[in-house]
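One structure below.
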Amino acid sequence: MEYWEINFYLYGYREKLYLDDVNLMKLAYNTGMLSRESKHKPKSLESYLDKIDKKYHGNRYRDVP
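Residue numbers (this note's numbering): 158 to 222.
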């Protein structure tokens with residue numbers, strides 16, 4: 158395997174892990190919303206997805222001049 162092939166493989170694997178985490182968070186959020194066990198309203202789904210996005214892709218606004 159050449160270096161560029163390994164880089165593409167690692168990029169694809171990282172995106173797969175990112176999508177798995179996003180799908181798991183959506184499932185958990187919707188399950189929690191439908192169960193109605195909590196008396197408090199949870200944060201929005203976008204706030205949780207932003208944390209996952211920062212974990213995998215870094216801060217989008219940090220590199221902007």
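All C-beta atoms, glycine included, are put in the ideal place defined by N, C-alpha and C.
Taking C-beta separations shorter than 8 angstroms and ignoring five residues to either side along the sequence, the partners of methionine 190 in its chain run Pro199, following chain order. For the 8 angstroms CB-CB criterion, arginine 171 and tyrosine 205 do not form a contact. Excluding five sequence positions before and after tyrosine 186, the CB atoms of its chain that fall closer than 6 angstroms to its own CB belong to Leu202, given in chain order. Of Leu181, Glu194, Asn164, the smallest CA-CA separation from isoleucine 209 is found for Leu181. Straight across, the Cα-Cα distance linking tyrosine 168 with tyrosine 175 is about 11 angstroms.
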